[in-house]
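Read through the structure below, which is laid out as C-alpha cells, and then see the notes.
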Amino acid sequence: MATHNTRMLIVGSGPAGLSAAIYAARAGMEPIVVQGLQPGGQLTITTDVENYPGFRDVVQGPWLMEEMQAQAEHVGTRMIWDTITDINMDSGSPFRAVGDSGDEYIGDTLVIATGAQAKWLGAPGEADFNGKGVSACATCDGFFYRGKKIVVIGGGNTAVEEALYLTNHSDDVTIIHRRDEFRAEKILQDRVFANEKISVLWNKTVEEFLGDSTDGLTGLRLKDTLTGEESHFETEGAFVAIGHAPATELFKGKLEMDDGGYLIVEPGTPKTELPGVFACGDVMDHVYRQAVTAAGTGCMAALDAERFLATLEFEKKEAAE
Ligand code: NDP
C-alpha cells in the first residue's frame with residue numbers, strides 16, 4: 486500500500502477529469518488522476534462521435550478518450566487505475582482519499598469529475614441494441630437516425646427536449662410515456678403538442694427491445710399500463726430518456742447536492758462550498774452533459790485550483806514571516 490501526494494487529485498477520467506489534468510500538468514501541478522471503474526467515462530461506451538471539435542471525420546468514443554489520456558500523460562499527469570472509496574474533507578486542504586487498492590491519495594486540491602450515468606430501463610434487448618438502435622443521448626446520436634422512425638421513452642424535461650431536438654432529423658418521432666401526463670415543464674410540453682412531427686403514446690411501458698444482429702433495433706414490445714394489453718411498435722431508433730444518475734455517493738453528507746444528487750457549485754464556476762474542492766463535468770451539470778462542456782468545466786476547475794493554491798501558498802508564506 487502506497488501513499489501518493491499531489492498538488493491536484495482528480496477523481497474521474499472522462500473529458501472533465503482529463504481536461505483538468507492537461508491544464509494542471511502544464512501548470513506544473515503534477516496531477517494524479519484516479520481513473521475509477523470506467524476509465525475514460527461515458528464516451529468509452531459510445532461509438533461514433535462527430536460533435537467534438539477538432540476532427541473533420543467521425544471518431545470513435547474509446548479512441549478519443551485514449552488520445553485524451555495520452556495527451557494528459559504526455560504533459561505530466563500520473564494516471565492511476567484505482568477507485569476512490571472514501572475521502573476526508575473535514576479539515577480542508579490537503580484532502581485525503583483512500584482507494585479500493587488500499588493506497589492513500591493526498592491532494593492539496595481536489596477535482597471531482599466522477600460524471601453521471603444515463604438510467605436505463607433494464608428491459609430485455611436494451612443492452613444488446615445499445616449503439617445499434619438504442620441510445621440515451623439524442624444530441625450525440627440523433628444524426629445517425631435521420632429520416633427514420635424514432636421513439637423517445639420518458640416524460641420529463643429530457644424526454645421532451647430530446648423529442649423536439651430529434652425533429653431536426655426525423656418527421657416521425659413518438660414519445661412513449663408510462664403515464665397519461667408529462668412531468669416536463671409546461672412550456673416544453675406546449676412545444677411538443679404543437680409539433681406535427683411528434684406523436685405521444687400514453688400509458689405504455691417498453692417490455693422488450695426487438696431486432697436482430699443484421700438490422701439492429703426493429704421494434705418494441707409495449708404494454709398498456711391500464712389494460713395490460715401488449716402491442717408491437719416498429720422503430721429503428723429508441724432514445725431512453727428517463728433521467729441520469731450522477732456519481733456522487735461518495736460525497737453524501739460532505740458536499741452540497743441538489744435533489745437529483747448533482748453537486749452544487751457557485752454559479753458560473755466549478756467551486757464547491759469547500760475551498761480547494763472543485764467539481765466539473767456531468768457530476769455538476771444536469772443540463773448540457775456534453776463531452777465538450779465537460780472538458781470546458783474541467784479546464785475551469787484546473788485554473789481555479791491553481792489560483793486557490795497560489796493564494797494558499799502566499800498566505801502560508803505571509804504567516805511564516
Ligand atoms: P426526470 O426524473 O425529470 O424524468 C424522468 C422521466 O422518465 C419521468 O417522466 C419518469 O416517469 C420517466 N421514467 C423514470 N423511470 C422510468 C421507467 N423505469 N420506465 C418508464 N419511464 C420512466 O428526468 P429528466 O432527465 O427528464 O430531468 C432530470 C432533471 O434535469 C430535472 O430536474 C429536469 O427538470 C432537468 N432538466 C432540465 C432541462 C432544462 O432546463 N432545459 C433539460 C433536461 C433536464 P414519471 O413521470 O411517470 O415518473
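When we follow this note's numbering, the leftmost residue of the sequence shown carries the number 486, and every step to the right adds one. Cβ atoms here follow ideal geometry from the backbone N, Cα and C, with glycine treated the same way.
Residue range of the beta strand (DSSP E) that includes residue i
| i | result |
| --- | --- |
| residue 717 | 715-719 |
| residue 774 | From DSSP, residue 774 is part of no beta strand (DSSP E); its letter is neither H nor E. |
| residue 695 | 689-697 |
| residue 685 | 683-686 |
| residue 593 | 589-597 |
| residue 768 | Per DSSP, residue 768 belongs to no beta strand (DSSP E) and is neither H nor E. |
| residue 486 | Here residue 486 belongs to no beta strand (DSSP E), and DSSP marks it neither H nor E. |
7 Å Cβ cutoff met for residue i and residue j
| i | j | result |
| --- | --- | --- |
| residue 623 | residue 718 | no |
| residue 752 | residue 785 | no |
| residue 498 | residue 520 | yes |
| residue 501 | residue 733 | no |
| residue 600 | residue 768 | yes |
| residue 597 | residue 764 | yes |
| residue 693 | residue 706 | yes |
Endpoints, the alpha helix (DSSP H) within which residue i is located
| i | result |
| --- | --- |
| residue 503 | 500-511 |
Beta-bridge pairing of residue i - partner residues as DSSP gives them
| i | result |
| --- | --- |
| residue 677 | According to DSSP, residue 677 bridges with nothing at all. |
| residue 756 | 763 |
| residue 602 | 730 |
| residue 493 | 594 |
| residue 581 | 573, 591 |
Spatial distance of residue i from residue j (CA atoms)
| i | j | result |
| --- | --- | --- |
| residue 591 | residue 564 | 15 Å |
| residue 739 | residue 634 | 45 Å |
| residue 543 | residue 628 | 12 Å |
| residue 691 | residue 759 | 43 Å |
| residue 490 | residue 526 | 24 Å |
| residue 698 | residue 584 | 40 Å |
| residue 578 | residue 507 | 22 Å |
| residue 704 | residue 761 | 50 Å |
| residue 552 | residue 528 | 12 Å |
Worksheet item: Where are the alpha helix (DSSP H) runs, 4 residues long or more, that stay fully inside the segment 609-674, in chain order?
Response: 623-626, 642-651
Worksheet item: In the segment 702-753, which residue ranges form an unbroken alpha helix (DSSP H) of at least 4 residues, counting only runs that do not cross its ends?
Response: none
Worksheet item: What are the complete alpha helix (DSSP H) segments, minimum 4 residues, inside the segment 529-579?
Response: 546-559
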